[in-house]
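Take a look at the structure set out below.
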Amino acid sequence: MGGILCKNGVLFWKALSVDLNDPTFKSDMDLVECGSGKIHESIDKLPSSEQDLKTHSKDAQRSELSTFNSSIGVLLSCLGCVIGTGNIWRFPRIIATASYSQGSLTFLIAWAMSLFVWSLPLSIVEYTLGRFTRTSPLGAFHRFLGNKLVWLGGWIVAVTYMITAYFSVIVGWCLYYFYKSCALSSLPRDVETSIKIFNEFAQESYWPALTHTLAVVIVGGCIFGGIKWIEKANMVLVPMLLGILVFTFGWSLTRKYSEVGITFLFTPYWGSMFTPSLWVAAASQNAFDTGAAMALFISYSSYFSRKNGAVRLGTMIPLCNNMVSLLCALTIFSTVFSTLIQTSPTLTRSGILKIMQSNGPGSTGLTFTWIPVLFAYVGGLGRVLCSLFFLCLSFAGITSLIGHVQLTVVTAKDLGLSHRQAAFAGLFLTLVFGMPSAISINVLTNQDNVWGFALMLSGLSMAGLIIIYGPMKYRKVIVNDFGIDDWKLPVVWVFMISVLVPLSGTGLIIWWAYDLIKSNPKWYQLTLDSMTTTLLEVKQTLFRNSV
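Residue numbers (the UniProt record's numbering): 1 to 547.
What follows is the structure, given as structure tokens:
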């Protein structure tokens with residue numbers, strides 16, 4: 001039986017050679033908490049005698065592993081990691097930009113299919129890989145694929161880190177709108193006033209830089225406290241968020257003409273089913289929704305014990321998360337159509353859609369524009385409810401941002417930094433790299449498009465790890481034999497991860513590139529939203545990680 005020794009003297013049995021039938025490998029104490037020590041690559045670092053091995057085993061038993069305190073803490077932390085601005089801010093805006101004048105159902109179909117073809121198989125990989133290796137993506141790829149391909153783990157961390165940088169800016173927006181909801185004498189009752197407020201904040205001031213900094217500072221307070229603080233924060237924030245979301249959804253349905261927006265959302269335009277950009281947008285949005293291929297859950301599940309249901313959570317969390325996204329879309333669309341039909345009865349569905357698509361570059365201001373208008377019609381409690389909504393949206397963003405930064409922290413700790421050093425480095429770099437997106441909304445839109453595309457490559461990297469190791473062996477040894485009181489992973493998952501994920505990911509990338517080149521003769525020009533810019537940013541990140 002081979003192993004890898006960590007800096008703190010605890011032995012981690014190498015995943016490729018673990019014998020789970022060995023009676024000495026039945027306790028969680030046989031697992032290392034490698035998040036606190038540098039990975040030694042040399043086999044010479046292993047104990048050189050049986051006495052050394054016994055000594056290290058005793059050290060491991062005396063060492064208290066960092067894990068979640070309760071099952072509900074695990075559930076709420078995992079939900080908090082993915083339920084956030086991706087559901088409430090990004091999902092409605094992506095639907096709006098991908099919709100046609102006839103309706104949005106074709107996008108929803110592609111989005112739902114992406115859940116089962118892409119997100120679910122990859123989410124299960126993340127949960128089970130983290131639970132088994134108890135380390136960062138970098139360490140997991142090192143143990144399964146060796147030194148030559150460890151850079152793939154670095155690529156995944158880098159992509160998620162770049163998302164983290166501009167994601168913090170959006171969390172700052174939420175904090176600002178909470179303040180603004182409390183400070184305004186009255187909420188805007190028409191879209192023009194609301195759009196003006198958003199533009200003055202996001203495009204004509206330096207407020208986003210300040211609120212971006214504030215978001216990083218707040219998250220830093222939780223990150224420095226470790227996994228216990230993260231769990232406590234999520235135990236409070238996530239239930240509050242879900243409660244206010246359900247209330248907001250219910251209130252939006254009571255508005256006159258809200259059914260028109262819902263009907264539009266579920267009306268298909270079948271001609272768009274053969275548009276590559278729609279499928280790429282749907283797949284990347286589902287990845288944002290569920291956190292699939294971001295490696296966030298490799299980080300969180302590295303704190304799991306064998307009794308934590310990785311397969312169960314990897315299945316249920318994405319499903320619950322997508323239900324929240326759909327609820328948010330219903331809320332926004334019913335609000336927009338209700339308000340515009342009452343204020344501008346002559347507007348057509350096409351006209352309403354154009355207004356939704358014009359709320360900032362890429363509809364970035366859609367949620368921030370329309371939620372205040374919705375609550376303006378509630379009555380005396382409108383400002384209170386609007387403030388609560390943006391407070392909870394801030395909570396959602398903070399809990400998600402905690403998960404993003406935690407991935408960077410765990411990776412830095414695996415490279416030898418202390419927890420405080422890793423936390424400071426992750427937070428400081430998030431602040432620096434997010435500042436361009438805070439200063440320019442066009443940069444933010446570019447980053448959202450580029451790294452949404454790059455998530456496809458991250459997913460292919462994870463699928464590649466499983467294919468190289470052996471999907472059937474991974475299913476049996478790493479998942480079913482290792483987990484205790486967890487759902488058994490069915491054999492259909494083997495087909496999904498080894499066939500559907502690689503084919504769908506590769507096919508979408510090729511289809512997307514072909515369609516862009518065909519439809520845009522000047523695709524090679526360097527602009528913020530061009531294919532060439534996207535590929536150059538992705539290539540640069542790949543090169544840095546491979547080196």
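Just so it is clear, CB atoms sit at the ideal spot from N, CA and C, and this is done for glycine as well.
Of the residues the options, the one placed nearest residue i, counting alpha carbons only
i, options, result
"Ala287", "Val373, Ser418, Trp451, Ser334", "Trp451"
"Thr316", "Tyr127, Gly507, Arg93", "Residue identity differs from the one stated: residue 316 is Met in this sequence, not Thr. The candidate whose alpha carbon is nearest that of Met316 is Tyr127."
"Thr290", "Tyr176, Tyr303, Ser325", "Ser325"
"Leu503", "Ile441, Leu457, Thr369", "Leu457"
"Lys180", "Ile371, Asn449, Val405", "Ile371"
"Phe337", "Val373, Arg306, Met323", "Val373"
"Pro268", "Ser101, Ile517, Val479", "Ser101"
"Val125", "Asp515, Ser519, Lys256, Gly470", "Gly470"
"Arg306", "Ala293, Ile478, Glu204, Lys518", "Ile478"
"Met99", "Leu417, Ile156, Ser350", "Position check: residue 99 holds Ser in this sequence, whereas Met was assumed. The option with the nearest alpha carbon to Ser99 is Ser350."
"Val443", "Met472, Ile156, Gly80, Pro208", "Pro208"
"Ala295", "Lys518, Thr160, Pro521, Leu108", "Thr160"
"Lys473", "Glu204, Ser104, Phe144", "Phe144"
"Lys232", "Gly80, Asp481, Leu455", "Gly80"
"Ala283", "Asn520, Gly505, Asn234", "Gly505"
"Thr348", "Arg90, Thr85, Gly103", "Gly103"
"Phe428", "Pro318, Ala110, Gly86, Thr164", "Thr164"
"Val238", "Asn321, Thr343, Ala110", "Asn321"
"Tyr176", "Glu204, Gly379, Cys222, Leu210", "Leu210"
Coarse secondary structure for residue i, derived from DSSP in three states
i, result
"Gly426", "helix"
"Gly507", "helix"
"Tyr100", "strand"
"Gln203", "coil"
"Thr133", "helix"
"Leu465", "helix"
"Phe25", "Confidence at Phe25 is low in this model, with a pLDDT of 39, below 50, so the placement of that residue should be treated as unreliable; the coordinate-derived value is given next. Phe25: helix per DSSP, three-state reduction."
"Asp486", "coil"
"Lys413", "helix"
"Leu115", "helix"
"Gly250", "helix"
"Ser458", "helix"
"Gly139", "helix"
"Pro121", "helix"
"Ala293", "coil"
"Tyr127", "helix"
"Asn147", "coil"
"Thr267", "coil"
"residue 552", "No statement about residue 552 is possible, as the shown extent of the chain runs from 1 to 547 and does not include it."
Cutoff 7 Å; reference residue i; Cβ partners in own chain excluding five residues on either side
i, result
"Ile94", "Ala281, Gln285"
"Ser168", "His212, Ala215, Val216, Leu401, Thr430, Gly434"
"Ser252", "Ser258, Thr331, Ser334, Thr335, Leu374"
"Met240", "Cys392, Phe395"
"Pro188", "Ser194, Ile197, Pro372, Val373, Ala376"
"Asn308", "Val74, Arg131"
"Ile88", "Cys328, Thr367, Leu393, Ala396"
Residue i Cβ short of 7 Å to the ligand ATP heavy atom set
i, result
"Ala329", "Ligands displayed in this structure: none; no statement on the ligand ATP is therefore possible."
Nearest-angstrom Cβ-Cβ length linking residue i and residue j, presumed shorter than 8 Å
i, j, result
"Pro137", "Cys328", "About 29 Å separates the two Cβ atoms, so there is no contact after all."
"Val405", "Val219", "6 Å"
"Ile352", "Leu340", "5 Å"
"Leu129", "Ile298", "6 Å"
"Ser77", "Ile230", "6 Å"
"Ser498", "Ile468", "Ser498 to Ile468, Cβ: 11 Å. No contact."
"Val494", "Arg475", "6 Å"
"Thr97", "Ser272", "Contact flag wrong, Cβ pair sits at about 12 Å."
"Gly139", "Asp414", "5 Å"
"Gly365", "Ala183", "Rounded, the Cβ-Cβ distance is 19 Å, inconsistent with contact."
"Trp279", "Ala112", "With a Cβ gap of about 12 Å, Trp279 and Ala112 do not count as contacting."
Cβ shell of residue i (< 8 Å), same chain only, five flanking positions each side left out
i, result
"Arg420", "Phe224"
"Leu265", "Ile95, Gly103, Ser104, Leu105, Leu108, Ala329, Leu330, Phe333"
Proximal residues to residue i (C-beta, below 6 Å), its chain only, five neighbours per side dropped
i, result
"Thr369", "Ser194, Ile195, Phe198, Asn359"
"Gln447", "Tyr166, Ser437"
"Pro276", "Trp511, Trp512, Asp515"
"Arg255", "Ser338"
"Phe249", "Leu327, Thr331"
"Val432", "none"
"Met162", "Trp451"
"Leu455", "Ser284, Ala287, Ala293"
C-beta neighbour in chain D for residue i, strict 8 Å
i, result
"Tyr377", "Within the model displayed, chain D is absent; a lone protein chain is all it includes."
Kindly confirm or deny that the region 417–434 and the region 108–121 touch, where touching means at least three C-beta pairs closer than 8 Å.
no
Do the region 144–151 and the region 461–469 make contact, defined as three or more Cβ pairs closer than 8 Å?
yes
Does the region 191–201 come within contact of the region 405–424, defined as at least 3 CB pairs closer than 8 Å?
no
Three or more C-beta pairs below 8 Å linking the region 377–396 and the region 243–261:
yes
Is the region 483–501 touching the region 305–313, taking contact as three or more C-beta pairs under 8 Å?
yes
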